[in-house]
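Residue 0 is where the sequence shown starts when you use numbering that gives the first Met the number 0, and the numbers rise one by one after that.
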Amino acid sequence: MAITAQEGKKMMQELGDKVLILDVRHAHEYRMGHIPGAVLLDNDDIEAGIKPTLLPQDLDHPIIVYCRSGVRSHYAMLKLQATGYTHVYDMGGILDWPYEIER
0 MAITAQEGKK MMQELGDKVL ILDVRHAHEY RMGHIPGAVL LDNDDIEAGI KPTLLPQDLD
60 HPIIVYCRSG VRSHYAMLKL QATGYTHVYD MGGILDWPYE IER
């Protein structure tokens, strides 16, 4: 499901550590700046149907996915859904994130 940056920020505030913020960009992009608390998992390393060890074992755990502009996050969301995750939210790109960035 696609959500806005504002909806994502609200979920992060309400759920705290009960939501995983997943940055699916490349490592060098992550180092240039990312959403505070985000975990890096390159979209290229996500395979549909194979659960990444980095992600929660609970398939109902909420996951907010973002990338740079919204393309990779969309494909990552589809792959995670194909793996069985039921609450995956595509927040699009960090370019649309008007809040703080961690460097």
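C-beta: ideal position from N, C-alpha, C; glycine also.
As the structure is a prediction and not an experimental result, all values here were calculated from the model.
Exercise for review: Report yes if the CB atom of Val87 is closer than 8 angstroms to the CB atom of Val64, and no otherwise.
Suggested key: yes
Check your understanding: How many whole angstroms separate the CB atoms of Ala81 and Gly48, which I take to be in contact at a CB cut-off of 8 angstroms?
Key -> 6 angstroms
Practice item. Let me know the secondary structure DSSP gives Glu99 once reduced to three states. Key: coil
Check your understanding: Would DSSP call Asp16 helix, strand or coil?
Key -> helix
Exercise for review: Identify, in the order they occur along the chain, each residue of the same chain with its Cβ nearer than 7 angstroms to the Cβ of Val18, setting aside the five sequence neighbours on each side.
Suggested key: Met10, Met11, Pro61 and Ile63
Practice item. Buried or exposed for Asp22, please, with buried defined as at least 16 other CB atoms from any protein chain shown within 10 angstroms of its CB. Key: buried
Review point. Going by Cα to Cα distance, which pick from Ser72, Ser68 and Ile34 is closest to Asp44?
Key: Ser72
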